[in-house]
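Here the structure is laid out as C-alpha cells; the discussion comes afterwards.
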C-alpha cells in the first residue's frame with residue numbers, strides 16, 4: 024500500500040506549477056476573450072459614430088403632423104410648380120394653383136457632398152416678378168442630387184432633383 028501511495032504522490036508533486044495547467048486556459052481564456060472583444064467593439068462604436076439621430080429629433084417628430092397638414096393643403100390647392108435652373112444660377116419658378124399665390128416663396132435646397140459626410144441646406148427666397156412667376160439666384164452647387172422644399176404659409180411642396188441631368192423640374196402635390 025505504501026508503494027502505491029509513493030507512486031501517486033510523485034505525480035502530484037510534479038504538477039504543482041499552476042501556470043502549466045490546461046484548465047486554467049479554459050477558465051480564464053473565455054472571459055478574457057469576451058473582455059477583449061467588448062473593448063474592441065467599444066472602440067469601433069465611439070471612433071466611427073455616425074449621426075443617426077438629428078439634434079432636434081423630438082421637435083421634428085412633433086412637426087410631422089404639421090408637415091402632413093401642409094402637404095394636404097397643397098393638394099387641396101392643386102399646386103403645381105415648374106422649376107428651371109439657368110447656367111448662371113438664376114432660378115425661375117412657375118407656380119399654378121387655386122387661390123391666392125404668395126408674394127414670396129422659400130425654397131430650401133438640401134445637398135450632400137460626394138461622400139455623404141456633410142449635408143448643406145440653402146434657403147433661398149423666391150420673389151414674385153409677375154403673377155405665378157418667381158425668381159431667385161442659387162449659388163453654385165456640385166451635388167448631383169438635391170432635395171427641394173417649396174414653402175409658403177400653410178403649404179409646402181417637396182421633390183428630389185437630379186441636377187445637371189435635369190435642368191427643369193416639375194413638382195406636383197401628391198394625391
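Residue numbers (this note's numbering): 24 to 198. We put the beta carbon where it would ideally sit given N, CA and C, even for glycine. Everything numeric in this text was worked out from a predicted model, so none of it was measured.
If you draw a straight line from the alpha carbon of residue i to that of residue j, how long is it in whole angstroms?
i           : j           : result
residue 189 : residue 68  : 40 Å
residue 111 : residue 159 : 11 Å
residue 168 : residue 107 : 15 Å
residue 115 : residue 130 : 11 Å
residue 40  : residue 71  : 44 Å
residue 63  : residue 193 : 50 Å
residue 151 : residue 109 : 17 Å
residue 186 : residue 134 : 11 Å
residue 52  : residue 43  : 14 Å
residue 46  : residue 59  : 20 Å
residue 153 : residue 143 : 30 Å
residue 149 : residue 61  : 53 Å
residue 88  : residue 182 : 19 Å
residue 199 : residue 163 : The structure shown does not extend to residue 199, since the chain spans only 24 to 198, so no value can be given for it.
So who's on the other strand from residue i, going by DSSP bridges?
i           : result
residue 175 : 178
residue 160 : 113
residue 142 : 135
residue 184 : 169
residue 51  : DSSP lists no partner for residue 51.
residue 148 : 129
residue 191 : 107
Look at the Cβ atom of residue i, then the Cβ atom of residue j, and state whether they are nearer than 8 Å.
i           : j           : result
residue 128 : residue 173 : yes
residue 94  : residue 179 : yes
residue 161 : residue 147 : yes
residue 175 : residue 98  : no
residue 141 : residue 171 : no
residue 177 : residue 82  : no
residue 118 : residue 65  : no
residue 91  : residue 120 : no
Given the structure, does residue i come close to the ligand ATP, in the sense that its CB is under 7 Å from one of the ligand's heavy atoms?
i           : result
residue 102 : Judged by which ligands are present, the structure shown has none, so any question about the ligand ATP falls away.
Quiz prompt | Entirely enclosed alpha helix (DSSP H) segments - the stretch 56 to 133, minimum 4 residues | solution = 80 to 99
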